[in-house]
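These notes are about the structure you will find just below.
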Amino acid sequence: MGSYALSKADIEEFRQQGIIGPLDLYDRDEILRAYKEEVRPALFDRSRAPYDLPVDAPTANYDRHLDIGFLGDHVRNPRIVDKLTSILGPDILCWRSEFFPKYPGDAGTQWHQADTFAHASGRPQLIWPENAEFGGAITVWTAFTDCTISNGCMRFIPGTQTAMHYDEMKGMTFQGHDSESGFFGYDYRELQVDADWAPDESKAVSKEMRAGQFIIFWSTLMHASYSNTTSNQTRLAYATRYVPTSVRVYPDTDFVEEYGHRFSLQNYTTVLVAGADRFGCNKIAAHKPGGNPMSSPG
Ligand SMILES: O=C(O)CCC(=O)C(=O)O
1277 MGSYALSKAD IEEFRQQGII GPLDLYDRDE ILRAYKEEVR PALFDRSRAP
1327 YDLPVDAPTA NYDRHLDIGF LGDHVRNPRI VDKLTSILGP DILCWRSEFF
1377 PKYPGDAGTQ WHQADTFAHA SGRPQLIWPE NAEFGGAITV WTAFTDCTIS
1427 NGCMRFIPGT QTAMHYDEMK GMTFQGHDSE SGFFGYDYRE LQVDADWAPD
1477 ESKAVSKEMR AGQFIIFWST LMHASYSNTT SNQTRLAYAT RYVPTSVRVY
1527 PDTDFVEEYG HRFSLQNYTT VLVAGADRFG CNKIAAHKPG GNPMSSPG
């Protein structure tokens, strides 16, 4: 167990609630400066980005931990990864990272749960072994700016992670990026198993965070975010997603089509952030500290 592992009490809290945090990772000034000076300029340089997508595609910055050193180090930061081993066991892959900006005036993210992540693409992106106790992924959502109720912080309904209210294979209609619908151009309610059901918002908790803090939650936990009602504050988060090495990532798929764009997985790889792989079901890159996984031979 690494030195930042969760305590027994924390593990029990996480088991019941499906979420833990906010926890400290970076100093506020450190992350604000790193984003402005290192990460943001690198995001605009797409020469080594894993996917050939226009800069304004919602998926354009998927998996930039594969080519941007700061993000490559972030996904395997021991303050994060040690805690994940308390939840997922010793052998862990980072399979996805993505940015979630909320610009002034942006609508909040609708309530949703993600199990196989088929919701937008119509194809399961994760398949757990048949005897698995869990599904979904662990999301580590790190605040790259302060996140408040006014600028769009996250909301959760604790304890909802074990029962899915959505069928991700039902298919949603893409309504376009400018649509008012609450899930990045889709209406997540189209996936409800029971069309008359509604999440019990009276049990929701808000997670205001300062820049540099993170929360850990099951992707199957009911989650949403507030609208950004400010006129001048962008809220930005970087979400990194993890599964044990036994999970098949993007099974039998060599492209992804979602949020109005299609991209090839030719340059895709998971990153082993802890332990070892005994299953061999995924393409895996080792990570060189300070470097980036794609340039390493792994
Ligand atoms: O940041 C948001 O508003 C949504 C984030 C989210 O749904 C996720 O990280 O799974």
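Just so we're aligned: 1280 in our numbering is position 4 of the sequence shown, and the numbers increase by one with no gaps anywhere. No residue lacks a Cβ here, since even glycine has one placed at the ideal position from N, Cα and C. Everything numeric in this text was worked out from a predicted model, so none of it was measured.
Counting only runs that start and end inside the segment 1318 to 1395, the alpha helix (DSSP H) elements of at least 4 residues fall at 1345 to 1351 and 1354 to 1364. In this structure, Thr1335 sits away from Glu1466, with a CB-CB distance that is not shorter than 8 Å.
With fewer than three CB-CB distances shorter than 8 Å, the segment 1495 to 1503 does not count as touching the segment 1523 to 1533. Excluding residues up to 5 positions away in sequence, Gly1488 lie with their Cβ nearer than 7 Å to the Cβ of Tyr1302 in the same chain. Between Pro1354 and Gln1389, the alpha-carbon positions lie close to 27 Å from each other.
If the five residues before and after Arg1372 are omitted, its C-beta is found closer than 6 Å to the C-beta atoms of Arg1517, all from its own chain and listed in chain order. Counting C-beta pairs with one atom in each stretch, the segment 1397 to 1406 and the segment 1539 to 1554 have fewer than three that are closer than 8 Å, which means they do not touch. Taking a contact to require three or more Cβ pairs closer than 8 Å, the segment 1384 to 1398 and the segment 1315 to 1329 do not qualify as touching. Note that the segment 1478 to 1493 touches the segment 1298 to 1315; at least 3 beta-carbon pairs, one per stretch, sit closer than 8 Å.
If only complete runs of 3 or more residues are kept, the segment 1436 to 1483 shows the beta strand (DSSP E) at 1481 to 1483, in order along the chain. Taking C-beta atoms as the reference points, Pro1380 and Gln1542 fail to come closer than 8 Å. Taking His1453 as the centre and dropping the five residues before and after it, the same chain places the C-beta of Gly1461 closer than 6 Å to its C-beta, in chain order. Annotation for Met1448: His1395, Ala1396, Phe1459, Tyr1462, Asp1463, Tyr1464, Glu1466 and Leu1467 place their beta carbon closer than 8 Å to its own, counting only its chain and skipping 5 residues before and after. Within the segment 1488 to 1566, the complete beta strand (DSSP E) segments of 3 residues or longer fall at 1489 to 1494, 1498 to 1501, 1511 to 1520, 1531 to 1534, 1537 to 1540 and 1546 to 1550, listed in chain order.
Per the C-alpha coordinates, the member of Ser1522, Thr1361 and Val1519 positioned closest to Leu1282 is Thr1361.
Beta-bridge pairing by DSSP links Cys1423 to Met1485. Here DSSP, grouped into helix, strand and coil, assigns Leu1308 to helix. The three-state reading of DSSP puts Arg1316 in helix, counting H, G and I together. Gly1348 and Met1445 have their C-alpha atoms roughly 31 Å apart. Cβ atoms of Lys1359 and Ile1492 come within 8 Å of each other, at about 6 Å. At a Cβ-Cβ threshold of 8 Å, Val1547 and Cys1429 do not count as neighbours. Partner residues in a beta bridge of Ile1287, as assigned by DSSP, do not exist. Spatial neighbours of Tyr1327 in its own chain (CB-CB distance under 6 Å, excluding positions within 5 residues in sequence) are listed in chain order as Phe1539. The straight-line gap separating the alpha-carbon atoms of Phe1420 and Asp1382 is approximately 17 Å.
By alpha-carbon distance to Ser1495, the top candidate from Pro1330, Thr1436 and Asp1472 is Thr1436. Per DSSP, the continuous beta strand (DSSP E) segment holding Asp1300 begins and ends at Ile1295 to Asp1300.
For Ser1426, the distance from the CB to the nearest heavy atom of ligand 1 is not below 7 Å.
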